[in-house]
Each structure stands twice: as C-alpha cells, then as structure tokens.
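Novice: Provided herewith is a single structure, encoded as structure tokens, for subsequent inquiry.
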Amino acid sequence: MKKDLISITDFSKEEYLRIMDLAADFEKNPNQDLLKGKVVASLFFEPSTRTRLSFETAISRLGGRIVGFADPGSSSATKGETLHDTIKMVSNYADLIVMRHPLEGAARYAAEVSSVPIINAGDGANQHPSQTLLDMYSILKTQGTLDNINLFMVGDLKYGRTVHSLLQAMSEFEKPIFNFISPEILKMPETYKLSLKEKGIKYFEHEEFTDIISEADIIYMTRVQKERFSDPIEYEKVKNIYILRNAMLKNTKSNMKILHPLPRVNEIHPDVDGNEKAYYFDQARNGVFTREAIITHIMNLK
Amino acid sequence: MKEDIKKKLKLKVSAIKEGTVIDHIPAKNLFKVITILGLDKIENQITFGTNLESHKLGGKAIIKVTDKFFKDNEINKIALIAPHAKLNIIRDYEVVEKRIVETPETINGIVKCFNPKCITNNEIITTSFKVIVNEPLSLKCKYCEKITNGEQIQIY
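Heads up: the sequence lines are chains A and B, in that order.
For the first sequence, our numbering begins at 8 and goes up steadily by one.
For the second sequence, our numbering begins at 9 and goes up steadily by one.
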C-alpha cells in the first residue's frame with residue numbers, strides 16, 4: 008500500500024522519530040542520490056514561494072527531477088479541470104506528488120484519487136504537516152529531546168494551523184507543558200484543550216505576554232492576521248500586544264529558542280534577530296533536511 | 009387514547025403480511041427518511057402516517073413497507089434524523105423481530121460539510137464523516153477535518 012502524508016496525525020510517534028533521524032542524517036550529508044531517475048510533481052494550486060522552494064530544493068538534493076506549476080494561473084485548473092482529473096493525469100506521469108491547494112481536504116481527496124504517494128504541502132487552513140515536522144526537528148536539535156518541553160505558543164491560536172498540528176504531535180511525547188498566550192478572541196479551540204485534558208497534559212492560558220515566558224524552553228510565535236477579524240477595531244486593539252522584543256528575553260532560560268513558521272509581520276521585533284535565542288531562520292533551513300527525510304520515508308528510499 | 013382506537017392503530021401497524029414497519033420517526037423528518045432510504049424510488053407498497061400522537065416526539069410518523077427488509081448499514085443512515093426510530097420486522101402478519109437504529113461510526117453522503125472551504129463543497133465528492141459524539145450529534149469531516157454539529161447539520 009502506498010504511504011501519504013496528509014495530516015500530522017497520519018504518522019505515529021515511531022514515524023516522527025524516524026523522520027527526525029533521517030533529517031539529522033541529511034543535515035550531515037544533504038546530497039544523496041536516492042531519487043535518481045524519479046520524477047516528482049510539484050503542484051501549487053496556490054502560490055507559496057517558501058514551501059515550494061524548500062520542497063524543490065529537497066527533491067533536487069535527492070537527485071530527483073521536478074515537473075509541475077508554481078501558481079494556478081499556469082495550470083489546467085484555470086480551464087476548469089477538476090482536481091480529480093488533474094491528479095489522475097499527473098499520477099500517471101510522476102512517482103510522487105507534492106501539492107498545495109487553497110481548499111481544505113484537497114490533499115486527502117487527492118490521496119484517494121492518486122496511484123502515487125501524495126505529500127500535503129498545505130491545504131487551506133487545514134494541515135501543513137511538513138511544517139510541523141520541521142518545527143519538531145528544530146525543537147529536537149536545540150533541546151536535545153522532544154520530551155518534557157515547556158512550549159509557549161503566542162498569537163493567533165484559534166486559526167493558526169501550525170500551532171494545532173504542533174500541539175497534536177508534541178502531545179505524543181513525554182510530559183510536555185503547553186502555555187497559550189493569545190487575546191480572548193483568538194484562544195486555543197476547546198477541542199484541542201479537551202484532547203490535552205484526556206491525555207493528562209498540563210496547559211495554561213494567558214492573555215498577557217509578560218515575565219511568564221521565563222519558564223519557556225520554546226516560544227512559538229505566530230502572526231495575528233488582520234483578515235481573521237470581522238471587526239477592524241478588535242484587530243487594532245490586539246495587533247500590537249503580542250510583539251516579542253529583545254528586552255523581554257532577559258530572564259529567559261539559556262536553552263530557550265524562539266520559533267516562527269514565517270513570514271513574520273511585526274510580531275517579532277527586528278532587535279530580536281541578533282539574539283542567539285532567535286532560531287526562526289535556522290528553522291527554515293531545517294525545512295530542507297526535514298523534507299528530504301519525509302520524501303525518503305514516504306517512498307521507502309532507505 | 010381509547011383502548012379500542014389503540015387496538016385499531018395496532019391492527020393497522022400489523023396489517024402488512026411481510027415487510028418492515030418503521031415507527032417513532034419525528035414527524036418533521038418523515039420525508040427526509042423516505043428520501044434517505046430511497047423509498048421514493050422503489051416499487052414496493054408503502055403506507056405512511058404522520059402527525060400521530062407521541063409523548064416522546066411531539067408528533068411522530070410511521071412508515072410501513074411491504075416486502076422490504078433493511079440491512080443494518082441501510083437503516084442506520086436514518087439515525088441522524090430519527091435516532092429513536094424502531095423497526096418491526098413482519099413475517100406472515102407477526103412481528104418476528106424488533107430493532108432499534110444505531111448511529112454508525114462513519115456517515116457517507118447524506119450530510120453536507122458546513123465548511124464552505126471544504127473540497128467536498130467545491131467538487132463532486134461524496135462526503136464522509138466520523139461520528140465523534142452521538143448525542144448531540146457531532147461529525148468530523150474526513151477531508152477538511154472540521155467538526156459539523158448541531159444546527160450546522162444539513163441533510164442533502
């Protein structure tokens with residue numbers, strides 16, 4: 008049976024750990040010809056420069072060849088072709104499909120239609136599992152473990168798919184502690200808190216972004232997006248509350264690292280960039296190794 | 009209700025020779041039940057009554073289908089809109105078996121995903137949900153992974 012990566016919960020803890028091991032290996036030796044002679048389709052029904060370049064770099068470093076499109080304007084979708092038909096056709100050409108789509112559930116559906124493995128590079132506000140795996144790799148690399156991590160999540164915790172997936176994945180490890188910092192209207196949804204309760208995992212909710220971060224091993228920053236607010240006044244009230252500044256890092260732990268899925272707008276002040284606790288650019292670099300690892304795992308190349 | 013009228017009603021229910029009587033359907037959902045079970049597309053003799061008195065449901069409906077015996081996966085489809093429905097299986101005018109409707113673990117088709125950005129609302133795809141909670145019904149879309157529940161549940 009073919010293996011896909013659609014949702015972070017498709018993988019077991021063992022699989023997370025295997026991907027972490029493979030990613031560490033690719034970091035030491037990024038150029039390995041495991042995909043030689045293989046064709047990978049990179050289908051971006053919605054533009055995403057960062058994710059696409061990261062995947063395409065990973066494929067190139069594995070020696071594979073890439074076909075596809077970078078935005079829907081140059082795909083047959085503009086002629087009204089259904090996703091079903093596009094995937095049917097492409098799965099006859101390629102050995103693997105990496106896809107990004109604006110509609111939620113598009114990747115799961117594509118996996119049902121396709122005869123070759125699908126990697127979900129983001130389906131609307133739903134899932135973006137390769138981001139979560141690179142976040143986990145960044146945590147493992149900087150903390151030496153995925154167990155007993157005190158993880159602070161800041162910003163838009165209601166709609167942010169990256170925080171939801173990371174919460175689900177980290178819940179599989181030993182004794183994580185979650186701290187959620189967000190305005191009332193962007194709080195972590197009940198369903199995720201309920202799943203933590205069921206697993207007996209500790210979490211705390213805060214509205215203020217203050218000294219409490221001194222406990223953190225990881226601070227995971229997210230963007231508060233204007234388009235999430237129906238009332239612009241509400242946005243104006245909260246947009247400048249959750250800004251991380253260098254001065255706030257004084258009493259934080261020495262092992263603490265700041266992560267952000269990027270792109271950032273103003274939620275991390277540029278004066279943080281020079282601090283050794285700022286890890287977000289290294290995190291993006293880890294994306295290539297993690298994606299090499301995901302492809303290798305999905306396609307059983309090792 | 010007078011005893012003799014009750015008897016008559018009971019007689020009516022038992023009045024098919026072979027087939028199935030579906031009782032305790034909420035009156036307002038009668039026609040949805042008919043559609044979901046495809047009773048509007050079969051040739052069997054069907055009689056139904058609606059707005060009958062019921063303490064539990066306010067107004068109930070009943071359907072009698074001659075020569076039709078439902079499989080579990082067929083009948084469980086109506087659990088969404090008639091969770092308290094009871095089936096009487098009739099053989100030679102006798103009730104030989106009583107069954108209740110059980111909410112299935114997955115629901116394919118029937119319900120629309122409430123998320124307008126879900127792929128199932130944008131391409132011709134049969135919806136599929138995992139039942140998270142039975143009562144009140146809460147459904148998780150297999151595709152977009154969003155929860156549809158309560159007032160959001162719309163039958164196709």
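Each residue gets a CB set at the ideal place from its N, CA and C atoms; glycine is no exception.
Since this is a predicted model, take the numbers as computed values, not measurements.
(1) Closest Cβ-Cβ distance between A/E205 and chain B: below 7 Å?
(2) Got a sec? Which residues, its chain only, sit under 8 Å from A/S221 by beta carbon, not counting five neighbours each side?
(3) In this structure, how does DSSP classify B/E2 when only helix, strand and coil are distinguished?
(4) Hey, is B/K85's beta-carbon within less than 7 Å of any beta-carbon in chain A?
(5) Determine the direct distance from the alpha carbon of B/H32 to that of A/D238, and round the result to whole angstroms.
(6) Going along the stretch 124-156 of chain A in order, which residues come within less than 9 Å of chain B, judged by CB to CB distance?
(7) Report yes if the C-beta distance between A/A223 and A/N293 is below 7 Å; otherwise report no.
(8) Distance, Cα to Cα, B/E159 vs B/I89?
(9) Give the DSSP bridge partners of A/R72, in chain order.
(10) For A/V46, tell me which candidate among A/T229, A/A117, A/P124 and A/R57 has the shortest Cα-Cα distance.
(11) Is there at least one Cβ from chain A nearer than 7 Å to B/Y2's Cβ?
(12) Name the residues in the stretch 102-130 of chain B whose C-beta lies less than 7 Å from a C-beta of chain A; which are they?
(13) Output the boundary residues of the beta strand (DSSP E) element that contains B/L38.
(14) Helix, strand or coil: how does DSSP classify B/P34 here?
(15) Under 8 Å between beta-carbons, which chain B residues line up against A/Y249? List them in chain order, please.
(16) Which one or two residues does DSSP pair with A/N157 in a beta bridge?
(17) Could you check whether A/G71 and A/L42 sit closer than 7 Å to each other, using their CB atoms as the reference points?
(18) From the DSSP secondary-structure annotation, give me the bridge partner or partners of A/R57.
(19) Along the alpha helix (DSSP H) that carries B/R99, what are the first and last residues, could you check?
(20) Considering only DSSP beta bridges, list what A/F211 is partnered with.
(21) By the 7 Å beta-carbon criterion, what residues does the stretch 77-103 of chain A contribute toward chain B?
(22) Along the chain, which unbroken stretches of the alpha helix (DSSP H) at least 4 residues long are found entirely within the stretch 187-258 of chain A?
(23) Classify B/E110: buried if its beta carbon has 16 or more other beta carbons within 10 angstroms, exposed otherwise.
(24) What is the C-beta distance between A/Y287 and A/H267, in whole angstroms, given that I count them as a contact (C-beta under 8 Å)?
(25) Just mark B/V141 as buried or exposed, buried being the case when its beta carbon has 16 or more other beta carbons within 10 Å.
(26) Measure the beta-carbon distance from A/K309 to A/L29 and round it to whole angstroms, keeping in mind my assumption that it falls under 8 Å.
(27) With distance defined between alpha-carbon atoms, name the residue in A/A118, A/G151, A/R57 and A/P183 nearest to A/F159.
(28) Could you please tell me which residues of the stretch 105-126 of chain A, in chain order, have their CB closer than 7 Å to any CB of chain B?
(29) Is any heavy atom in the ligand FMN found nearer than 6 Å to the beta carbon of A/R115?
(30) Starting from B/I71, follow its DSSP beta bridges and name the residues at the other end.
(31) In the DSSP assignment, what are the bridge partners of A/K284?
(32) Residues in the stretch 135-159 of chain B with C-beta within 8 Å of chain A's C-beta atoms, listed in sequence order?
(33) Could you tell me which chain A residues have their CB closer than 7 Å to the CB of B/I133, listed as they occur along the chain?
(34) If the cut is a Cβ gap below 7 Å, which residues of chain B does A/S261 touch?
(35) So for B/E115, helix, strand or coil by DSSP?
(36) If you count every other CB in all the chains shown that lies within 10 Å of the CB of B/H63, and 16 or more means buried, which is it?
Specialist: Once the coordinates are examined:
(1) Mapped onto the first sequence, residue 205 of chain A falls at position 198. Judged by the 7 Å Cβ criterion, A/E205 is not in contact with chain B.
(2) Counted from its first residue, the first sequence places residue 221 of chain A at position 214. Sequence-distant partners of A/S221 (beyond 5 residues in either direction) whose C-beta falls short of 8 Å from its own C-beta, in its chain, are N258, T259 and K260.
(3) Coverage of chain B is limited to positions 9 through 164, which leaves residue 2 of chain B absent and any answer about it impossible.
(4) As a working note, residue 85 of chain B is residue 77 in the second sequence. Using a CB distance cut-off of 7 Å, B/K85 does not count as an interface residue toward chain A.
(5) In the first sequence, counting from the first residue as 1, residue 238 of chain A sits at position 231. In the second sequence, counting from the first residue as 1, residue 32 of chain B sits at position 24. Roughly 46 Å between the two C-alpha positions.
(6) Taking 9 Å as the Cβ-Cβ cut-off against chain B, the residues of the stretch 124-156 of chain A that qualify are D130, G131, A132, N133 and Q134.
(7) Taking the first residue of the first sequence as 1, we reach residue 223 of chain A at position 216. Taking the first residue of the first sequence as 1, we reach residue 293 of chain A at position 286. A distance of 7 Å or more separates the beta carbons of A/A223 and A/N293.
(8) The residue labelled residue 159 of chain B in the question sits at position 151 within the second sequence. The residue labelled residue 89 of chain B in the question sits at position 81 within the second sequence. Straight-line Cα distance between these residues: approximately 12 Å.
(9) Taking the first sequence and counting its residues from 1, the one referred to as residue 72 of chain A is at position 65. Residue pairing for A/R72: DSSP places it in a beta bridge opposite A/V46.
(10) Taking the first residue of the first sequence as position 1, residue 46 of chain A is located at position 39. Per the Cα distances, A/P124.
(11) The question about residue 2 of chain B has no answer here: the residues shown for chain B are numbered 9 through 164.
(12) From the stretch 102-130 of chain B, only N123, K125, C126, I127, T128 and N130 have a Cβ closer than 7 Å to chain A.
(13) As a first step, residue 38 of chain B is located in the second sequence; it is residue number 30 there, counting from the start. In the DSSP assignment, B/L38 falls outside any beta strand (DSSP E) and within the unbroken alpha helix (DSSP H) covering L38 to I44.
(14) Numbered from its first residue, the second sequence carries residue 34 of chain B at position 26. Assignment of B/P34 by DSSP, reduced to helix, strand and coil, places it in the strand class.
(15) Locating residue 249 of chain A in the first sequence gives position 242, where the first residue counts as 1. Against chain B, the beta carbon of A/Y249 has no neighbour under 8 Å; the closest one sits roughly 26 Å away.
(16) Numbered from 1 along the first sequence, position 150 holds the residue referred to as residue 157 of chain A. For A/N157, which the question treats as bridged, DSSP gives the partners A/I184.
(17) Working through the first sequence from its first residue, we reach residue 42 of chain A at position 35. Working through the first sequence from its first residue, we reach residue 71 of chain A at position 64. Taking 7 Å as the cut-off, the Cβ atoms of A/L42 and A/G71 count as close.
(18) Residue 57 of chain A sits at position 50 when you count from the first residue of the first sequence. Beta-bridge partners assigned by DSSP to A/R57: none are found.
(19) Here residue 99 of chain B refers to the residue found at position 91 of the second sequence. Note, B/R99: premise wrong, no alpha helix (DSSP H); beta strand (DSSP E) at K94 to R99.
(20) By one-based count along the first sequence, residue 211 of chain A stands at place 204. Bridge partners of A/F211: A/N186.
(21) Residues of the stretch 77-103 of chain A with a C-beta less than 7 Å from any C-beta of chain B: T89, L90 and H91, listed in chain order.
(22) Here the runs fully enclosed are 197-206 and 239-245.
(23) What you label residue 110 of chain B is simply residue 102 of the second sequence in a count that begins at 1. Exposed is the call here.
(24) Position 280 of the first sequence holds residue 287 of chain A. Position 260 of the first sequence holds residue 267 of chain A. Right, their Cβ atoms sit about 4 Å apart.
(25) Position 133 of the second sequence, counted from the start, is the residue given in the question as residue 141 of chain B. In summary, B/V141 is exposed, with fewer than 16 beta-carbon neighbours lying within 10 Å of its beta-carbon over all protein chains present.
(26) Translated into the one-based positions of the first sequence, residue 309 of chain A becomes position 302. Translated into the one-based positions of the first sequence, residue 29 of chain A becomes position 22. Going by Cβ atoms, the distance from A/K309 to A/L29 rounds to 7 Å, so yes, they are a contact pair.
(27) Counting from one through the first sequence, the residue named residue 159 of chain A turns up at place 152. For A/F159, the closest of A/A118, A/G151, A/R57 and A/P183 by C-alpha to C-alpha distance is A/P183.
(28) Taking 7 Å as the Cβ-Cβ cut-off against chain B, the residues of the stretch 105-126 of chain A that qualify are L110, E111, G112, A113, R115 and Y116.
(29) The ligand FMN is not among the ligands present in this structure, which contains no ligands whatsoever.
(30) The residue given as residue 71 of chain B occupies position 63 in the second sequence. Looking at the DSSP assignment, B/I71 forms a beta bridge with B/I30 and B/F56.
(31) Walking along the first sequence from the start, residue 284 of chain A turns up at place 277. Looking at the DSSP output, A/K284 shares a beta bridge with no other residue.
(32) Residues C149, K150, Y151, C152, E153, K154 and I155.
(33) To locate residue 133 of chain B, count along the second sequence from 1; it is residue 125. Those are Y116, listed as they occur along chain A.
(34) Taking the first sequence and counting its residues from 1, one reaches residue 261 of chain A at position 254. For A/S261, there are no C-beta contacts with chain B under 7 Å, since the nearest C-beta of that chain is about 38 Å from it.
(35) Residue mapping note: residue 115 of chain B aligns to position 107 of the second sequence, counting from 1. Reading off the sequence shown, one finds Ile at residue 115 of chain B, where the question assumed Glu. Three-state result, B/I115: strand.
(36) On the second sequence, position 55 is the one that residue 63 of chain B refers to. Counting Cβ neighbours within 10 Å, B/H63 comes out exposed, since fewer than 16 surround it.
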